[in-house]
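Chemist:
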Amino acid sequence: MKKLMILFLVAVMLLLTACKKEEPVAEPTTTAPTTTAKAEPVYYNFLTGEKKQDNSRPRPVAVTVNNIVAALPQYGVSEADIIMEFPAEGGITRMLALYSDYRSVPSVCSIRSCRYYFPIFAKGFGAVYFCYGSNETLGTPTLQRIGIDYIDGNKAGDTLVFERDRERLQSYSLEHTAYLKGENMDKIFDKYKFSKEIPSDFGDTVFDFSQKTLKFKNECEDITAGFSNYYESRFTYDAKAKTYLKQHNGEKHTDGKSGKQLAFDNVIILQTEVKNYQGTVLVEIDWKGGTGYYATKGTVRQILWEKESEDAPVKLYDLDKKPIKINTGKSYIGVGASEVTIPEKEASTSAAQ
8 MKKLMILFLV AVMLLLTACK KEEPVAEPTT TAPTTTAKAE PVYYNFLTGE
58 KKQDNSRPRP VAVTVNNIVA ALPQYGVSEA DIIMEFPAEG GITRMLALYS
108 DYRSVPSVCS IRSCRYYFPI FAKGFGAVYF CYGSNETLGT PTLQRIGIDY
158 IDGNKAGDTL VFERDRERLQ SYSLEHTAYL KGENMDKIFD KYKFSKEIPS
208 DFGDTVFDFS QKTLKFKNEC EDITAGFSNY YESRFTYDAK AKTYLKQHNG
258 EKHTDGKSGK QLAFDNVIIL QTEVKNYQGT VLVEIDWKGG TGYYATKGTV
308 RQILWEKESE DAPVKLYDLD KKPIKINTGK SYIGVGASEV TIPEKEASTS
358 AAQ
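By the working numbering, the letter at position 142 of the sequence shown is numbered 149, and the numbering carries on one by one without gaps.
#1: Since I believe Y82 is in contact with K264 (beta carbons under 8 Å), could you give me their beta-carbon distance rounded to a whole number of angstroms?
#2: In the DSSP assignment, find the unbroken alpha helix (DSSP H) run with L181 in it and report its ends.
#3: Under a Cβ-count criterion, where at least 16 other Cβ atoms within 10 Å of its own Cβ denotes burial, should T36 be classed as buried or exposed?
#4: Name, in chain order, the residues that DSSP records as bridge partners for L103.
#5: Roughly how many whole angstroms lie between the Cα atoms of Y324 and I340?
#6: Return the chain-ordered list of same chain residues with a C-beta closer than 6 Å to the C-beta of F214, the five sequence neighbours on each side being excluded.
#7: Excluding the five sequence neighbours on either side, which residues of its own chain have a C-beta within less than 7 Å of the C-beta of A33, listed in chain order?
#8: Determine the DSSP secondary structure at V281, reduced to helix, strand or coil.
#9: Ignore the nearest five residues each way along the sequence and tell me which others in S111's own chain have a CB closer than 7 Å to its CB.
#10: Do S338 and I127 have their CB atoms nearer than 9 Å?
#11: Tell me, please, which residues DSSP counts as bridged to D229.
#12: Going by the DSSP bridge assignment, what does S114 pair with across the sheet?
#13: Return yes when the Cβ of Y124 is within less than 9 Å of the Cβ of F93, no when it is not.
#14: Is the separation between the beta-carbon of F271 and that of Y51 shorter than 9 Å?
#15: Skipping 5 residues on each side, what residues in its chain have a beta carbon closer than 6 Å to that of E313?
#16: Within the continuous beta strand (DSSP E) that includes F169, where are the two ends?
#17: Quick check on E258: buried or exposed, where buried means 16 or more other Cβ atoms within 10 Å of its Cβ?
#18: Using the rule of at least 16 other Cβ atoms within 10 Å of the residue's Cβ for burial, across every protein chain shown, is L11 buried or exposed?
#19: Using DSSP with H/G/I as helix, E/B as strand and the rest coil, what is I195?
#20: Grab me the residues of Y251's own chain with a C-beta within less than 6 Å of its C-beta, minus the 5 sequence neighbours each way, in chain order.
#21: Just mark V236 as buried or exposed, buried being the case when its beta carbon has 16 or more other beta carbons within 10 Å.
#22: Within a Cβ cutoff of 6 Å, which residues of the same chain sit near Y284, ignoring the five residues on either side of it in sequence?
#23: Between which residues of its own chain and I118 is the CB-CB distance below 8 Å, once the five residues before and five after are set aside?
#24: Does the beta-carbon distance from K194 to L167 come in below 9 Å?
#25: Give every residue of the same chain whose Cβ lies closer than 6 Å to the Cβ of R175, excluding the five residues on either side of it in the sequence, and list them in chain order.
#26: Is it buried or exposed for V49, if we count other Cβ within 10 angstroms and need 16 for buried?
#27: Is it buried or exposed, D197, if we count other Cβ atoms within 10 angstroms and call 16 or more buried?
#28: Please list, in chain order, all residues of the same chain as D156 whose beta carbon is under 6 Å from its beta carbon, the five residues on each side excluded.
#29: Between K130 and the rest of its own chain, which residues show a CB-CB distance below 7 Å, the 5 nearest in sequence each way excluded?
#30: Can you tell me whether N142 is buried or exposed? The criterion is at least 16 other CB atoms within 10 Å of its CB, across all chains shown.
#31: Which one of S107, D108, C116 has the shortest CA to CA distance from R101?
#32: Starting from K130, trace the alpha helix (DSSP H) in both directions and tell me its first and last residue.
This is how it looks when you write it as structure tokens:
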């Protein structure tokens, strides 16, 4: 009887086990990885803020260019990314032509001597500076003191760097014929052991460039920077090209080889104190800051500007001392203009951006 009972219980247990449902095993869930498109890096031209294809940081080049009427036309200037203009002795002006990439500097003529404020501004752009001669009272001591990379063609006597333009020698005075051999720039940098990259303490661009077009409340189709009674630079707005065309003392300012009239996306006029140095004919400029105007896309605003040290770049502000952006493209920067004329328009103290 006991054996029957035990067999019965075993049979029942086997039946229950067979009837019990098998619990499903949950498979590990896998979530498909989300793929985010990797943004392509964007690189910019150091002096113009325009987009470029590679991440190179080529060293800029700055060149003192003769601007006296007897030396016109210059050549190589229409390819400059920035043209700066300064007063010099006797009410004339000289220019500092800046090229963003030492590898693409053209031949530039005519090259003239250094004034002390040229290398001070050139160093603020991280540039290697080229001149032909230097004022010994202020120019040469400044070149030696601030530690800028430079070549003075009058002292170097290096035909790899400078020569006299043979064609110009037939019709120009000797002092208006020296030209920089831009096609040799890579060899020049190697020979003089100049760094080929912008110093690491500089940012991606020298100014804060806006990637959308800026326009201001006050129209400006015509603006003139007067440096003396007989030297002025006038800019008229070409609405089709959206650039300002430069005139030099009432005549179109053109490049002698390209034939192009100088044109700029930005016209920046930096006003500051200009006086004679210690009773001499030498010009002394307060390069540390002042007021000014910024014209672009047919509009204008008043600005403040500052250069914190000899090594520092120029910084631009609104009248409340807040940093401002500028449009991408080529720039004219006139330093030390004694008068700024904007016909029939008044520059506004504020601007709509």
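Note that CB positions come from ideal geometry on N, CA and C, so glycine has one too. Every value quoted in this text rests on a predicted model; they were computed, and no experiment measured them.
Modeler: Let me spell this out:
#1: 4 Å
#2: Segment: none, L181 is in no alpha helix (DSSP H) and carries neither H nor E.
#3: For T36, the pLDDT reaches just 45, beneath the cut-off of 50, and the residue's location in the model is therefore unreliable, leaving the point undetermined.
#4: T71, M91
#5: 15 Å
#6: I333
#7: Note that A33 scores a pLDDT of 41, beneath 50, so its modelled location is shaky; the value from the coordinates is reported in the next line. Cβ neighbours of A33 beyond the five flanking positions: none.
#8: strand
#9: none
#10: no
#11: T243
#12: Partner(s): none; S114 has no beta bridge.
#13: yes
#14: no
#15: G296, K322
#16: 169-171
#17: exposed
#18: For L11, the predicted model reports a pLDDT of 39, less than 50, meaning its position is unreliable and no value from the coordinates is stated.
#19: helix
#20: F242, Y244, F271, V274
#21: With the sequence shown as reference, residue 236 is identified as Asn, and Val is not the correct amino acid for it. Flag for N236 reads exposed.
#22: E291
#23: V70, T71, V72, N73, F137, C138, Y139, G160, F169, A185, Y186, L187
#24: yes
#25: T184
#26: exposed
#27: exposed
#28: V135, F201
#29: I153, I155, E317, D318
#30: buried
#31: C116
#32: 124-130
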